[in-house]
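Only one structure is covered here, and it is reproduced in the block below.
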Amino acid sequence: DCAELIQVSWLEVSGKVGPADEGETYVVKFDIEVKDTGFGWGNTEVLVMAKIGKKGSYEYKPVKLACNYKGYIPKPNEEQLEITVKNQGSGEKDLDIHFGLYEVWSGKWKGGLKIKKAEVKKKKP
18 DCAELIQVSW
28 LEVSGKVGPA
38 DEGETYVVKF
48 DIEVKDTGFG
58 WGNTEVLVMA
68 KIGKKGSYEY
78 KPVKLACNYK
88 GYIPKPNEEQ
98 LEITVKNQGS
108 GEKDLDIHFG
118 LYEVWSGKWK
128 GGLKIKKAEV
138 KKKKP
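Counting in the numbering used here, the sequence shown runs from 18 upward without gaps.
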């Protein structure tokens, strides 16, 4: 099963995993499909974003979508979204990875997007 976007002007898909391991780098990506009847994606960037902890700063990768695309974003041949968990030392630690897929800036109506899964995995050395 997957989530299907029928028609919206704001795309905001978010999640959280953790706690992450200090000193490790993680790769964040989404497995999606834009149906052939999809609309509103032309010349519109979506952002794959992630941060460490609720108060962390987001890292992001812009991605352009097109109708009939099936696969991962960022695409395997593109630079991936990587986020590194810094060593926090002692004290309060919020090591959860907050991540998401967003397009809230264009104001365009969009539809026909299927989100099959989100992946947050440790980067292989």
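Every residue, glycine too, gets a C-beta built ideally from N, C-alpha and C. Please read all numbers here as calculations on a predicted model, not as lab measurements.
Query raised in the report: Quick one, are the C-beta atoms of T146 and K110 less than 9 Å apart?
Result: Residue 146 falls outside the range modelled here, since the chain spans only 18 to 142, and no answer is possible.
Requested in this report: Consult DSSP for D18 and reduce its assignment to one of helix, strand or coil.
Outcome: coil
**Report entry** Cβ pair count under 8 Å reaching 3, the stretch 112 to 131 against the stretch 37 to 57
**Finding:** yes
Requested in this report: Using the Cα positions of A135 and G88, report the straight-line distance between them to the nearest angstrom.
Outcome: 11 Å
Query raised in the report: Taking only beta-carbon atoms, is K52 less than 9 Å away from chain B?
Result: Protein chain content of the structure displayed is limited to a single chain, and chain B is not contained in it.
Query raised in the report: Could you give the C-beta distance for L22 and K127, rounded to a whole number, given that I count them as a contact under 8 Å?
Result: 7 Å
Requested in this report: Return the Cβ separation of L130 and V80 in integer angstroms, given the expectation that the two are a contact with Cβ distance under 8 Å.
Outcome: Not really, about 12 Å apart at Cβ, beyond 8 Å.
Query raised in the report: DSSP on T61, reduced to helix/strand/coil?
Result: coil
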